[in-house]
Amino acid sequence: MAIKRHLPNIITLLNLFSGSIAVLLAVQNYFVGAALFMFLGIFFDFFDGLLARKLNVQSELGLQLDSLADMVTSGLVPGVVMFKLLNMSLGTPVSENSEALWSSTNLFEGLHHYAPLAFVGFFITLASAYRLAKFNLDEDQQSSFKGLPTPANALLIVSLPLIMEFQNSDAINAFILNPWFLIVMTVLSCYILNSSVNLFALKFKDWSFKTNAVRYIFIILSVIFIVLFKFLAIPIIIVFYVLLSLFSKSLTK
Numbered sequence: 007m008a009i010k011r012h013l014p015n016i017i018t019l020l021n022l023f024s025g026s027i028a029v030l031l032a033v034q035n036y037f038v039g040a041a042l043f044m045f046l047g048i049f050f051d052f053f054d055g056l057l058a059r060k061l062n063v064q065s066e067l068g069l070q071l072d073s074l075a076d077m078v079t080s081g082l083v084p085g086v087v088m089f090k091l092l093n094m095s096l097g098t099p100v101s102e103n104s105e106a107l108w109s110s111t112n113l114f115e116g117l118h119h120y121a122p123l124a125f126v127g128f129f130i131t132l133a134s135a136y137r138l139a140k141f142n143l144d145e146d147q148q149s150s151f152k153g154l155p156t157p158a159n160a161l162l163i164v165s166l167p168l169i170m171e172f173q174n175s176d177a178i179n180a181f182i183l184n185p186w187f188l189i190v191m192t193v194l195s196c197y198i199l200n201s202s203v204n205l206f207a208l209k210f211k212d213w214s215f216k217t218n219a220v221r222y223i224f225i226i227l228s229v230i231f232i233v234l235f236k237f238l239a240i241p242i243i244i245v246f247y248v249l250l251s252l253f254s255k256s257l258t259k
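Residue numbers (my numbering): 7 to 259.
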């Protein structure tokens, strides 16, 4: 049936739609709303592949469409967020005069409102594009990943403004808005996206604890971290995910 074949692609397009709204909100400094729509996009990203496998309608078109949607939701959104955070940390004011946007005769006038160093944040977008392209050509990343998946990296970056908004800690806020910290985070993000480190995937072939011990440990402890630390749990979970992956072979023996 034609509808059955296109259902996963429709969900993928909902991922892209959510990511597009997230970009718009992030550009306007509405980070909470941007995070909400990015989370929604990642939710759709998780279920499009699951539905395609369930309906047995996997296709090359779906694979390419999925990466294009991820490029926006999990590539462009974190790049914009890091760009805005870097600009904030460098103390550069952003013009809110929308009329100047339409009346200006200088095509590059709007760029003067941003610190040049802030554009380093878009390296995350470039690294995400490179990773997604490699992923499409790599047939070995079915039960595990090489490098951090773009959705996980996007969660890591977008968690920073959420921590500032909801943790209510001046010390943490000052630490996050340190430009050196943000630059280090950007470099680390670009590296881990394209590293050769093998990370386990949350794909269950069966429900037995013996074959899924690492996945169950990760899920249980992640829930505990979220309850204890709220949004601060997101970077803790990402670090825990990487460390647990490094020791997963010994845990499953």
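Beta carbons: idealized from backbone N, C-alpha and C, even for Gly. Here the structure is a predicted model, which means the values were calculated and not measured.
Could you check if residue i is buried or exposed, using at least 16 other CB atoms within 10 Å of its CB as the buried criterion?
{"i": "VAL29", "result": "buried"}
{"i": "LEU22", "result": "buried"}
{"i": "ILE169", "result": "buried"}
{"i": "MET225", "result": "Position check: residue 225 holds Ile in this sequence, whereas Met was assumed. ILE225 comes out exposed."}
{"i": "ASP54", "result": "buried"}
{"i": "PHE253", "result": "exposed"}
{"i": "LYS90", "result": "buried"}
{"i": "VAL233", "result": "exposed"}
{"i": "LEU177", "result": "Contrary to the premise, residue 177 reads as Ala rather than Leu in this sequence. With fewer than 16 Cβ atoms within 10 Å of its Cβ, ALA177 is classed as exposed."}
{"i": "SER101", "result": "Confidence in SER101 is poor, its pLDDT being 49 and thus under 50, which makes the residue's placement unreliable; the coordinate value appears in the next sentence. SER101 comes out exposed."}
Would you report the Cα separation of residue i and residue j, rounded to the nearest angstrom?
{"i": "ASN218", "j": "ALA207", "result": "10 Å"}
{"i": "LEU250", "j": "VAL220", "result": "7 Å"}
{"i": "LEU67", "j": "GLY97", "result": "44 Å"}
{"i": "TYR136", "j": "LEU19", "result": "21 Å"}
{"i": "ILE242", "j": "LYS60", "result": "32 Å"}
{"i": "PHE50", "j": "TYR120", "result": "33 Å"}
{"i": "VAL78", "j": "LYS216", "result": "37 Å"}
{"i": "ASP72", "j": "LYS209", "result": "17 Å"}
{"i": "TYR222", "j": "ILE27", "result": "33 Å"}
{"i": "SER150", "j": "ILE244", "result": "15 Å"}
{"i": "VAL126", "j": "SER228", "result": "31 Å"}
{"i": "MET191", "j": "LEU46", "result": "24 Å"}
{"i": "LEU123", "j": "ALA40", "result": "23 Å"}
{"i": "PHE141", "j": "PHE231", "result": "30 Å"}
{"i": "THR131", "j": "PHE246", "result": "24 Å"}
{"i": "ILE48", "j": "LEU117", "result": "30 Å"}
{"i": "GLY85", "j": "LEU42", "result": "16 Å"}
{"i": "ILE237", "j": "ASN62", "result": "The sequence given here places Phe at residue 237; Ile does not occur at that position. Using only the alpha carbons, I get a separation of about 36 Å."}
{"i": "ASP144", "j": "SER214", "result": "28 Å"}
Alpha carbons only, please: which of the options is nearest the one belonging to residue i?
{"i": "ILE9", "options": "GLN34, ILE243, LEU57", "result": "LEU57"}
{"i": "PHE172", "options": "VAL78, ALA239, ASN15, ILE17", "result": "ALA239"}
{"i": "LEU92", "options": "ALA180, GLY68, ILE17, VAL233", "result": "ALA180"}
{"i": "TYR36", "options": "SER254, ASN174, VAL83", "result": "VAL83"}
{"i": "LEU194", "options": "TYR247, ALA40, ILE163, ALA135", "result": "ILE163"}
{"i": "ARG11", "options": "PHE237, SER65, ILE27, MET94", "result": "SER65"}
{"i": "GLY81", "options": "ILE189, ILE242, MET44, LEU123", "result": "MET44"}
{"i": "SER95", "options": "ILE189, VAL233, LEU168, ALA139", "result": "ILE189"}
{"i": "CYS196", "options": "LYS216, ASP51, ALA158, GLY25", "result": "ALA158"}
{"i": "LYS152", "options": "SER26, ILE232, VAL248, GLY47", "result": "VAL248"}
{"i": "ALA160", "options": "ALA133, LEU123, PHE215, LYS236", "result": "ALA133"}
{"i": "LEU166", "options": "VAL38, ILE27, SER26, ALA139", "result": "VAL38"}
{"i": "LEU74", "options": "VAL86, LEU42, GLY25", "result": "GLY25"}
{"i": "ASN204", "options": "PHE89, ILE230, PRO155", "result": "PRO155"}
{"i": "PHE129", "options": "MET88, ASN142, ASN174", "result": "MET88"}
{"i": "ALA139", "options": "LEU117, ILE230, GLN70, LEU227", "result": "GLN70"}
{"i": "PHE52", "options": "PHE125, LEU143, ASP76, ALA41", "result": "ASP76"}
{"i": "SER175", "options": "ILE48, PHE235, ILE230", "result": "PHE235"}
For the beta strand (DSSP E) that contains residue i, what are its first and last residues?
{"i": "ASN142", "result": "Taken as a continuous stretch (DSSP letters only), ASN142 belongs to no beta strand (DSSP E), being part of the alpha helix (DSSP H) at 129-143."}
{"i": "SER150", "result": "150-152"}
{"i": "ASN179", "result": "Careful: ASN179 lies outside any beta strand (DSSP E), inside the alpha helix (DSSP H) at 176-182."}
{"i": "PHE206", "result": "204-206"}
Just to confirm the assignment, what range does the alpha helix (DSSP H) spanning residue i have?
{"i": "ASN93", "result": "83-95"}
{"i": "ASN159", "result": "156-172"}
{"i": "LYS60", "result": "37-61"}
{"i": "LYS209", "result": "Element bounds for LYS209: n/a, residue is neither H nor E."}
{"i": "THR192", "result": "185-199"}
{"i": "SER80", "result": "Careful: SER80 lies outside any alpha helix (DSSP H) and carries neither H nor E."}
{"i": "TYR120", "result": "Per DSSP, TYR120 belongs to no alpha helix (DSSP H) and is neither H nor E."}
Would residue i pass as an interface residue toward chain D - the criterion being a Cβ-Cβ separation below 8 Å?
{"i": "ILE178", "result": "Absent from the structure is chain D; it holds one protein chain and no more."}
*Does the segment 195-204 come close enough to the segment 180-187 that 3 or more CB-CB pairs lie under 8 Å?*
The segment 180-187 is not in contact with the segment 195-204.
Taking 8 Å as the threshold, find out whether the segment 32-40 comes into contact with the segment 11-18 through three or more Cβ pairs.
no
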